[in-house]
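Numbering (our numbering), first residue to last: 552 to 794.
Okay, structure first, notes after.
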């Protein structure tokens with residue numbers, strides 16, 4: 552199910568995440584871990600059951616069943632059987648949390664104003680929001696941004712980044728890429744084929760691989776989050792030493 556949603560700025564989405572985390576901490580105590588306790592927030596605070604099941608197509612990664620208050624995540628992302636999918640599993644859960652917080656009230660309002668009853672069967676239609684790998688509509692982009700902010704909270708990312716970079720508050724992306732391309736130990740450790748020429752994205756993903764592990768996310772969303780927060784950028788300033 553997809554529909555038009557009101558515009559939300561990045562700051563507004565971050566604000567919704569901030570309020571969610573603060574309300575969770577007010578009820579359950581301060582979060583002690585760097586990684587967000589996603590399952591606890593989904594189940595205990597938002598009242599959503601989590602099911603890992605076959606969603607019928609590999610492109611459907613997850614869904615929020617508003618009618619039954621259930622988040623379903625595709626078995627292809629199950630970290631208990633495919634450990635290297637943990638980041639995508641968590642991002643999908645955070646994405647569905649975004650639908651719950653940002654969009655559920657819109658769906659419920661639409662349900663009140665629109666007949667969802669089949670005249671023949673007189674049974675309510677299931678109301679489901681899905682996360683897919685297809686081109687994103689505004690509602691899906693908002694949910695992605697919510698997930699990014701939820702799994703990688705601004706203050707925690709900045710704090711970990713400072714520790715990770717030994718106090719550097721900004722890294723020039725062009726300088727970093729240049730440094731990495733000439734760092735033979737880094738290249739041989741990350742890319743075992745000496746003839747392979749990694750893309751810029753490959754280099755950046757592996758440069759922040761350990762940081763992504765701390766937040767239990769995939770490498771690419773970690774890099775995107777650093778860019779959004781303005782601590783990894785195109786402005787040529789200090790370069791980070793990886794050797």
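Where a beta carbon is used, it is the ideal one built from N, C-alpha and C, also for glycine.
This structure is a prediction, so every number in the text was calculated from the model and none was measured.
- Straight-line measurement puts the Cα of residue 657 at about 43 Å from the Cα of residue 728.
- A direct Cα-Cα distance of roughly 28 Å separates residue 743 from residue 642.
- If you check the CB distance, residue 713 and residue 648 do not come in under 8 Å.
- Here residue 606 is actually not in contact with residue 651; their C-beta atoms are around 18 Å apart, not less than 8 Å.
- Proximity to residue 626 across 612, 698, 708 and 710 peaks at 612, based on C-alpha coordinates.
- Per DSSP, the beta bridge partners of residue 784 are 723.
- For residue 754 against residue 731, the beta-carbon gap comes to about 5 Å, under 8 Å, which counts as contact.
- Taking every protein chain shown into account, the CB of residue 740 has fewer than 16 other CB atoms within 10 angstroms, so this residue is exposed.
- For residue 708, no beta strand (DSSP E) segment is defined; the enclosing uninterrupted segment is the alpha helix (DSSP H) at 705 to 715.
- For residue 602, the enclosing beta strand (DSSP E) covers residues 600 to 604.
- Listed in chain order, the non-local C-beta contacts of residue 567 below 6 Å within the same chain comprise 652, local neighbours out to five positions each way being set aside.
- The region 687 to 697 makes no contact with the region 620 to 635; the number of CB pairs closer than 8 Å stays below 3.
- Membership of residue 594 in any alpha helix (DSSP H) is not indicated, and neither H nor E is assigned to it by DSSP.
- DSSP, reduced to helix, strand and coil, places residue 754 within a helical segment of the structure shown.
- Put simply, the region 631 to 645 touches the region 699 to 717. At least three CB pairs are less than 8 Å apart.
- Around the beta carbon of residue 561, fewer than 16 other beta carbons sit within 10 angstroms, so the residue counts as exposed.
- The beta carbon of residue 776 is closer than 7 Å to those of 699, 703 and 708 in its chain, skipping five residues each way along the sequence.
- Counting only the Cα atoms, residue 697 lies some 17 Å from residue 591.
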